[in-house]
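Participant:
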Amino acid sequence: MTTRRPQTPRRVKPVGSGRFAVGPALRTRIVGTGSYAPPTVLTNRDLERMVDTSDAWILERTGIRERRIAGHDEAASDLAREAARHALRMADVRPKELDLILVATSTPDMVFPSTACVLQKMLGAKQAAAFDLSAACSGFLYGLAVADQFLRCGTYKKVLLVGSEIFSRIVDWQDRATCVLFGDGAGAVVLQAERGRRGLLSTHLHSDGNQGHLLYVPAGGSRIPATPKSLEEGLHFVKMKGNETFRVAVRALEAVVTETLQNHGLPPSAIDLLIPHQANFRIIRAMAERLGLPMDRVVVNLDRYGNTSAASIPMALDEAVRDGRVQAGHLILFEAFGGGLTWASALYRW
Ligand SMILES: CC(C)(COP(=O)(O)OP(=O)(O)OC[C@H]1O[C@@H](n2cnc3c(N)ncnc32)[C@H](O)[C@@H]1OP(=O)(O)O)[C@@H](O)C(=O)NCCC(=O)NCCS
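Under our numbering, the first residue of the sequence shown is numbered 739, with each subsequent residue one higher.
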């Protein structure tokens, strides 16, 4: 038997002191943004001819005026490719330089291969590992958190993160409670790590599987595979308890935004721009009011695109970057809520 002498704890130099002083932190930076929305527009007036609804009801309850619908020959990867090309061009990065492609989507091209692998082939990004990420409308922020780990660890140097959705394929066009809400589109960012003050400051992810039944697609997976019966019962379409989801969303978003600001010891007034997931204008306005932010510091585009799920934040970001609302030094708060349930935030210094 051997006995071990208790070890004297070694003295550890405090980080940032003396000879080993650390430089500025390594942070994930967004070096390019891009987005794509298919050209076909479906207005509230068009929907009036399809289900028992009205332009006034949709506008008042959601803030949506119109949404885009993908062509029959388009899949999520096609939308992703267009958004990715714009982002890569802005970043001046060639596809061959990418180390990782992440696609956040609930409407992949097929069960497998992943939409990220399809996109990798389309772009000719031969060096890149590729996989999809499923976190519904929070997918982009979950993807940002995943990419951030790889980049700050030094595993990868250049990451392409895309949110791409074709919800028009999974909504029931006879269910007025859901079909008026969603639209198709894609948004992309190119990410790389750089030292300095600017970049991603933190991400905050949450889930509650207990409330998964509020928003889900029952069939099409291993639980209820596609059968004539499942198709007949419409189980491949989005089911949502809208009212309950709304209440949970407001509470969850309020909590995650508070957590984010407290984490950095910042008051809400420090936020220059809020870029929220675009589900419902009333949710967005409620969050802006709780933060005391005027609406001109909130990026809203759901009036033109509806809820594009994982694509909504990168589409809104790209729009705000290209029209100059996003300026160097701006503190940007991102927040999202979606099926799972999942919700998340990210704080970013541009
Ligand atoms: C879906 C949503 C817009 C519905 O708004 P709401 O004010 O909650 O409305 P309700 O669901 O309570 O429905 C109110 C009435 O409008 C009716 N209605 C629903 N959809 C309608 C439509 N498109 N047109 C007209 N009437 C409609 C309902 O049938 C209901 O009628 P009733 O009172 O006779 O039963 C809203 O609940 C919402 O945005 N929810 C959250 C969405 C979200 O955040 N999802 C997660 C992220 S993806």
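Glycine included, every Cβ here is placed at the ideal spot set by N, Cα and C.
What ranges does the alpha helix (DSSP H) occupy inside the segment 873 to 958, keeping only unbroken runs of at least 4 residues that lie completely in it?
Facilitator: Listed in chain order, they are 877 to 891 and 914 to 917.
Participant: Provide the residue(s) that pair with Pro-1014 in DSSP beta bridges, ordered along the chain.
Facilitator: Translated into positions along the sequence shown, residue 1014 becomes position 276. Note: Pro-1014 sits in a beta bridge opposite Glu-1073.
Participant: Tell me the DSSP secondary structure of Lys-979 in three-state form.
Facilitator: As a first step, residue 979 is located in the sequence shown; it is residue number 241 there, counting from the start. DSSP places Lys-979 in coil when its eight states are reduced to three.
Participant: Please name the residue, chosen from Asp-913, Ile-908 and Ala-867, that lies closest to Lys-896 on a Cα-to-Cα basis.
Facilitator: Numbered from its first residue, the sequence shown carries residue 896 at position 158. Of the listed residues, the one whose Cα sits closest to Lys-896 is Ala-867.
Participant: Might you give, ordered along the chain, the residues of its own chain that have their beta carbon closer than 8 Å to the beta carbon of Ile-1021, omitting 5 neighbours on each side?
Facilitator: For the purposes of this step, residue 1021 is identified with residue 283 of the sequence shown, where counting begins at 1. Once the five neighbours on either side are set aside, the close Cβ partners of Ile-1021 are Phe-984, Ala-987, Val-988, Leu-991, Pro-1014 and Phe-1075.
Participant: May I ask which residues mark the beginning and end of the alpha helix (DSSP H) holding Glu-786?
Facilitator: Residue 786 sits at position 48 when you count from the first residue of the sequence shown. Per DSSP, Glu-786 belongs to the alpha helix (DSSP H) from 782 to 786.
Participant: Taking just the CA atoms, how far does Asp-1010 sit from Leu-973?
Facilitator: If you number the sequence shown from 1, residue 973 lands on position 235. If you number the sequence shown from 1, residue 1010 lands on position 272. So the alpha carbons of these two residues sit roughly 42 Å apart.
Participant: Nearer than 7 Å: is that true of the beta carbon of Ala-987 relative to any heavy atom of ligand 1?
Facilitator: On the sequence shown, position 249 is the one that residue 987 refers to. Yes, since a heavy atom of ligand 1 falls inside the 7 Å radius drawn around the Cβ of Ala-987.
Participant: Which value, in whole angstroms, describes the spacing of the CA atoms of Ala-1017 and Val-976?
Facilitator: Indexing the sequence shown from 1 puts residue 1017 at position 279. Indexing the sequence shown from 1 puts residue 976 at position 238. Approximately 14 Å between the Cα atoms of the pair.
Participant: Suppose the cutoff is 6 Å on Cβ atoms and the five residues either side in sequence are ignored; what does the same chain contact list for Ala-763 look like?
Facilitator: Counting from one through the sequence shown, the residue named residue 763 turns up at place 25. No residues qualify anywhere along the chain.
Participant: Run the Cβ filter for me: residues under 5 Å from any heavy atom of ligand 1, listed in the order they occur in the chain.
Facilitator: Thr-791, Trp-795, Arg-799, Thr-800, Cys-875, Arg-914, Ala-915, Val-918, Gly-980, Asn-981, Thr-983, Phe-984, Ala-987, Ala-1017, Asn-1018 and Gly-1076
Participant: Are the segment 833 to 852 and the segment 870 to 877 touching by the rule of at least three beta carbon pairs closer than 8 Å?
Facilitator: Yes, the segment 833 to 852 is in contact with the segment 870 to 877.
Participant: Tell me, please, which residues DSSP counts as bridged to Thr-691.
Facilitator: Residue 691 is absent from the structure shown; the chain starts at 739 and stops at 1088.
Participant: Taking 8 Å as the threshold (C-beta atoms), are Ile-908 and Asp-922 in contact?
Facilitator: For the purposes of this step, residue 922 is identified with residue 184 of the sequence shown, where counting begins at 1. For the purposes of this step, residue 908 is identified with residue 170 of the sequence shown, where counting begins at 1. No; because the gap between Cβ atoms is not below 8 Å, this pair is not in contact.
Participant: Does the separation of the CB atoms of Gly-881 and Leu-899 fall below 8 Å?
Facilitator: Numbered from 1 along the sequence shown, position 143 holds the residue referred to as residue 881. Numbered from 1 along the sequence shown, position 161 holds the residue referred to as residue 899. Yes. Within cutoff.
Participant: In three-state DSSP terms, what is Trp-1088?
Facilitator: The sequence position of residue 1088 within the sequence shown is 350, counting from 1. In the three-state scheme derived from DSSP, where H, G and I count as helix and E and B as strand, Trp-1088 is classed as coil.
Participant: Which residue wins for smallest C-alpha separation from Leu-943, given the options Arg-803, Glu-1073, Asp-784 and Pro-833?
Facilitator: Counted from its first residue, the sequence shown places residue 943 at position 205. The shortest Cα separation from Leu-943 among Arg-803, Glu-1073, Asp-784 and Pro-833 belongs to Glu-1073.
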